[in-house]
Amino acid sequence: MKTLHMTRQLQRCKNKRFELYAITRIIHKVDDLDVKFITQQYVARPSGFALTDLYLPQFKLHIEIDEGFHQHQIDADKIRELDIITATDHIIKRIDAAVSIEQINAQVDDIVADIQQMIKLQKQSGSFQRWDPELEHSVDFWRCRVQFCVNDHVALRTSAEVCNLFGHQYRGWQRSSASIPEQPNIKLWFPKLYPNEQWFNEISHDGTEIHEYCLESETKKRSVIDRNLAESFKYVVFARVKDELGQTMYRFKGMFELDRDKTSYEAGVFWKRISTEYVLAIK
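For the sequence shown, the residue numbers in this note's numbering are 8 to 290.
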């Protein structure tokens, strides 16, 4: 599974020569299969989003490779970098790729040395968590964590696994929502965040709003809206999505409640995010 993840990640930057060169050099020089890397990492911004060139989640480190055109957008890059730091509280390191190959290599070597130092310090403190693709999609792993947030990229393979994370013991689950034991006012919701035959659902770029629109019939659309307006549930959303390997996963998007001001028969149902974190209440 690591091989598939790594090769798919590198495919994302195959059309950017300097980016591909720098990223592959970093990965090969770090030479540690317990370190996870992600290319083209999505980060929400106040107006839109950013895709960082390389992200190492264990160290909350983003690496940007600046090709020649970046020299003409220095101010825009500074604003973009500030947006990313503000949104994530992560570290950003940059490589100037508009220089000689020797200078690029020297910058890569400096970053590799920094990464190796981070690995060393985390291992010395006992905080290093080796990358295990099987473990990171495990119910037991996230149950032991107890608390998780959107930036943890929590993803499980089935809706039944999500239900079991919250205290159920299901072998399978086909419905779009589920109860949470001992949480009568909170439910689990598993929306498909892509158009399908019966529903049009989409999430905003910054992840703060979900728009839900019933396509089945006008009668069904109105009944769904009437039911939501009559209820007062909060929903812990694990959206059905495709991961970077093309597999269907259920990914944590936060806790949402109905936006009563925006919801209408004409526009559909709107849900606003009220929390990016959740603490499990499992005895």
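Here a beta-carbon is modelled for each residue, glycine too, at the ideal position from N, C-alpha and C. Note that the structure is predicted; figures quoted are calculated from it, not measured.
When secondary structure is reduced to three states using DSSP, residue 180 falls in the coil class, being assigned neither helix nor strand.
Here residue 69 is buried: its Cβ has 16 or more other Cβ atoms, across all protein chains shown, within 10 Å. Residues 174, 288 of the same chain have their beta carbon placed closer than 8 Å to that of residue 189, with the five preceding and five following residues left out of the count. For residue 246, the uninterrupted beta strand (DSSP E) run begins and ends at 241-249, by DSSP. Secondary structure at residue 22: coil, using DSSP grouped into helix, strand and coil.
Remark: C-beta atoms of residue 146 and residue 155 do not approach each other more closely than 8 Å. Between the region 109-119 and the region 218-227, the count of C-beta pairs closer than 8 Å stays below three; the two stretches do not touch. The three-state reading of DSSP puts residue 189 in coil, since its state is none of H, G, I, E or B. Contact between residue 44 and residue 18 does not hold, since the beta-carbon distance rounds to 13 Å and is not under 8 Å.
A check of alpha carbon separations from residue 48 across 41, 40, 59, 139 identifies 59 as the nearest.
Taking the Cβ atoms as the reference, residue 216 lies roughly 7 Å from residue 280, within the contact range of under 8 Å.
With a contact defined as Cβ atoms closer than 8 Å, residue 261 and residue 214 qualify at about 7 Å.
Going by DSSP, residue 130 is part of the alpha helix (DSSP H) stretching over 108-132. With a cutoff of 8 Å on beta-carbon distance, residue 169 and residue 36 are scored as not near each other.
Boundaries of the alpha helix (DSSP H) harbouring residue 150: 146-152, taken from the DSSP string.
For residue 14, DSSP records no beta bridge to any residue. Here DSSP, grouped into helix, strand and coil, assigns residue 40 to coil. Per DSSP, the unbroken alpha helix (DSSP H) holding residue 229 starts and ends at 225-237.
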